[in-house]
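For reference, the structure is listed below as structure tokens.
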Amino acid sequence: MNTEILGPYGWQPFGGMFNMLEEWPAELPARIGVYVFLVGEDKPITYPAGDSSIVYFGKAEQQRGVRGRVSQHRGSITRGPRERWPGHPAHEWLMARGGFCAYSLAPDRDPAHPLGHSASWVEHKLIRAFQRLHRTRPVGNGTAA
Numbered sequence: 022m023n024t025e026i027l028g029p030y031g032w033q034p035f036g037g038m039f040n041m042l043e044e045w046p047a048e049l050p051a052r053i054g055v056y057v058f059l060v061g062e063d064k065p066i067t068y069p070a071g072d073s074s075i076v077y078f079g080k081a082e083q084q085r086g087v088r089g090r091v092s093q094h095r096g097s098i099t100r101g102p103r104e105r106w107p108g109h110p111a112h113e114w115l116m117a118r119g120g121f122c123a124y125s126l127a128p129d130r131d132p133a134h135p136l137g138h139s140a141s142w143v144e145h146k147l148i149r150a151f152q153r154l155h156r157t158r159p160v161g162n163g164t165a166a
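Right under this line is the structure:
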């Protein structure tokens, strides 16, 4: 995904990986970007066409960027399941098996590639690329209709 989606539009490769349950990196940036949740343990998820550790792709476009959005997810994950309602599918996977987060920050704006700097557009492209490869969306992003 780094070379197919992120690189051509000037986005950094996914990096800054950390354990969602055990770490909170002080340097997590408050900038626009996209992030990926990866299931923990050594056993990936079996999808219709192959295995993958990817659970969820997300976007961070608000004022606090990646730091703010991942912090919201992490809060829900560390609080644990709710009694009456199931949580977000990505949260449920990470609560059950642990997991990691990696992120990519948006580059400075380039008028030649205006869409390439929208976190929503990049998130959509990442999900579509995953779907082409595995014949379904990541479990945390819902299923393909």
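Sequential numbering from 22 applies to the sequence shown in this note's numbering. We put the CB at the ideal spot given by N, CA and C, even for glycine.
Inter-residue spacing [alpha-carbon to alpha-carbon] between residue i and residue j
i	j	result
A166	G86	Bear in mind that the predicted position of A166 carries a pLDDT of just 44, short of 50, making it unreliable; the figure below should be weighed with that in mind. Distance between the alpha carbons of A166 and G86: 30 Å.
H109	G120	14 Å
Q152	P34	19 Å
P46	I53	17 Å
W32	I26	8 Å
C122	N162	15 Å
S97	M22	27 Å
T24	R95	28 Å
L154	H145	14 Å
Cβ-based neighbour list, residue i, same chain, cut-off 8 Å, excluding 5 preceding and 5 following
i	result
G101	M116
Neighbourhood of residue i by C-beta distance below 6 Å, restricted to the same chain and skipping five residues each side
i	result
R156	P69 and A70
L42	G119
V143	V55
A51	R85, G86 and R88
Exposure of residue i, with buried meaning 16 or more beta-carbon neighbours within 10 Å
i	result
K64	exposed
A133	exposed
G28	exposed
G79	buried
Integer-rounded CB distance, given that residue j should sit under 8 Å from residue i
i	j	result
A111	A127	That pair is no contact at about 21 Å.
V55	S74	No, V55 and S74 are not in contact; Cβ-Cβ is about 17 Å, not under 8 Å.
Y30	V57	That belief does not hold up - the Cβ atoms of Y30 and V57 are roughly 16 Å apart, past 8 Å.
Cut-off 7 Å between Cβ atoms - residues of its own chain near residue i, not counting five sequence neighbours on either side
i	result
E48	none
Inset, instruction - Just list the alpha helix (DSSP H) runs in the segment 110–155, keeping only unbroken ones of 4 residues or longer that don't cross its boundaries, in chain order. - result: Here the runs fully enclosed are 110–118 and 140–155.
Inset, instruction - Could you pull out every unbroken alpha helix (DSSP H) segment of at least 4 residues lying fully inside the segment 43–95, listed in chain order? - result: Runs of the alpha helix (DSSP H) lying entirely within the segment 43–95, each at least 4 residues long, are absent.
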